[in-house]
């Protein structure tokens, strides 16, 4: 009986050489086909010598009645799971596929994201040492393991205090919140310390820059920071003043434009217009501010001083050449006097030398000597008083209506009169001893004479003008009153009185200001208001209110005073 068997019908090239189990007659002979190698006596198959293939083992007994048996054996290649070493990696490295000597196996371990392709992702694995296993299953399978090292990534995080700097700012250093020890660089020809990251503001100049920081570790990291360097502004103000309070407005200036001006006296904050009059007398702090990251601020004090007052006057506007030299009354002393037309004057005291100056008309000018000088003038006439006067008359009007009034002016020539005697035929009042009588009123139609007699120490003269004043009824209708709405009490002889006319026999006039104060009242016919208060002071221009009661009616309204 040639019965035989082996432990398996499949062997790997790396398996030990198998021996048969003879369950029949022993002592037979073993053979193998396909060039396989076998021990003919023991039946031990030489795996390596036979090689990969399918074989038939034949056993023939050696007895007188031999028997034959066969056994099929398959020899296959052994798998090789040896892994190609990989790493170390940084935890931010990209995923990659691991490799091994034999294919068809299964990969396992932390960081393996594809077990078939052996994809290893360092980020998924994380920093550390990770055991990776590759297993090829089957009777001729294999297993291998490696340790992959994943190193932590550096952190290049850093910042500066600002993303914008001015040329005048101190050089900035970065704050590194990540891994120290890296290298700094800057683009666009900027200047930076590669070790500390200190930016040279002036050396870099105006522009936009990118600062890059690269760590020097096993797994370096890179970070960037954008920097803008701009021109610095200079708000330094050009000193101005001192000014006089009456000086004209002017625009202040500073080194850099585009700022805003504030302070007492600034009337235009953009142009920096300073008005000394609006500021007033005193010391005024002016501020100029340029906004923005590279802005600037400056202040200065502007002094505004009061203007001098050059007001002065003499006792009269006309002097005899034989009179005592006149001295002026001065508000602000210390100024200088001058005189035109070859006149003679003391420049310090203002004393006019009448005889030296001679007969004529002069303008005296006084200029103060303070920091804010003022100028004033005064007209003076010097007359030869060694001769008698020659009488002359002028009237504000020679043709008037009933109840109108006339102002008369002495226009005598020659020596200056010292006495005047007027006679007004039909006038009210009918006489006057003043130089220039005013408000001579006429209530009856007709033509009237005027007489003036003037005198001084050297003689006298008189003038008689026949039918000088013509008074007309002016077609005034019965029961009609004429009330002016404007008058101008400026002494020019024209419309100097607020006077009411009409066919009435009695009148009571009252004039008030807008606060209800009584300024004028009269119950006399042909008496008008001269624009003054009851105390004699001039009223300002404006609108005034009247109440007029006559035997005809009562009238209320307004009149405008202009000068």
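Residue numbers (this note's numbering): 10 to 572. All residues carry an ideal CB built from backbone N, CA and C; glycine is no exception.
Query, Result
"Using 8 Å as the cut-off, can you tell me whether the region 86 to 94 makes contact with the region 138 to 154, which would need three or more C-beta pairs spanning the two stretches below that distance?", "yes"
"Which partner residues of residue 398 appear in the DSSP bridge assignment?", "423"
"I'd like to confirm the pairing. Which residues does DSSP put opposite residue 219 in its beta bridges?", "235"
"Less than 8 Å between the beta carbons of residue 570 and residue 539, yes or no?", "no"
"Report the residue from 42, 137, 49 and 156 whose alpha carbon sits nearest the alpha carbon of residue 29.", "49"
"Is the separation between the beta-carbon of residue 290 and that of residue 313 shorter than 8 Å?", "yes"
"Is DSSP giving residue 566 helix, strand or coil here?", "strand"
"So what's residue 456 in DSSP terms, helix, strand or just coil?", "strand"
"State the start and end residues of the unbroken beta strand (DSSP E) segment that holds residue 528.", "527 to 531"
"Whole angstroms are fine: how far does the CA of residue 125 sit from the CA of residue 108?", "11 Å"
"Specify, as a first and last residue, the run of the alpha helix (DSSP H) that residue 366 falls within.", "363 to 366"
"Within 10 Å of its beta-carbon, does residue 211 have 16 or more other beta-carbons around it, so buried, or fewer, so exposed?", "exposed"
"Roughly how many whole angstroms lie between the Cα atoms of residue 63 and residue 140?", "39 Å"
"Quick check on the DSSP output: the alpha helix (DSSP H) that includes residue 471 runs from which residue to which?", "Residue 471 -> not in any alpha helix (DSSP H); beta strand (DSSP E) instead, spanning 468 to 481."
"If I measure Cβ to Cβ from residue 9 and keep anything under 7 Å in the same chain, skipping five residues before and after, which residues do I get?", "Outside the displayed span of the chain (10 to 572) sits residue 9, for which this structure offers no information."
"Under the rule that 16 or more other beta-carbon atoms within 10 Å means buried, what is residue 389, buried or exposed?", "buried"
"Pick out whichever of 173, 276 and 82 has its Cα sitting closest to the Cα of residue 301.", "173"
"Taking 8 Å as the cut-off, decide whether the C-beta atoms of residue 220 and residue 201 are in contact.", "yes"
"Of all the options 536, 161, 115 and 146, which has the alpha carbon lying nearest to the alpha carbon of residue 136?", "161"
"Could you give the DSSP three-state label for residue 210: helix, strand or coil?", "helix"
"Tell me whether the beta-carbon of residue 95 lies closer than 8 Å to the beta-carbon of residue 157.", "yes"
"Would DSSP call residue 59 helix, strand or coil?", "helix"
"Using the Cα positions of residue 128 and residue 238, report the straight-line distance between them to the nearest angstrom.", "48 Å"
"Can you check which of these residues, 499, 428, 519 and 483, is closest to residue 455 by C-alpha distance?", "483"
"Give me the Cα-Cα distance between residue 567 and residue 273, rounded to the nearest whole angstrom.", "41 Å"
"Along the chain, where does the beta strand (DSSP E) that runs through residue 345 open and close?", "345 to 348"
"Compare the C-alpha of residue 296 against each of 471, 268, 532 and 224 and name the closest.", "268"
"Within 10 angstroms of its Cβ, does residue 199 collect 16 or more other Cβ (buried), or is it exposed?", "buried"
"Taking the C-alpha atoms as reference points, what is the distance between residue 407 and residue 479?", "6 Å"
"Looking at residue 59: is its Cβ nearer than 8 Å to the Cβ of residue 84?", "yes"
"According to the Cβ coordinates, are residue 321 and residue 337 closer than 8 Å?", "yes"
"Between the alpha carbons of residue 259 and residue 494, how many angstroms are there, rounded?", "43 Å"
"Tell me residue 201's beta-bridge partners as DSSP assigns them.", "208"
"CB-CB under 6 Å to residue 256, same chain, minus the five flanking residues each way: which ones, in chain order?", "285"
"Look up residue 105 in the DSSP assignment and give the residues it is bridged to.", "129"
"The alpha helix (DSSP H) spanning residue 287 covers which residue range?", "285 to 288"
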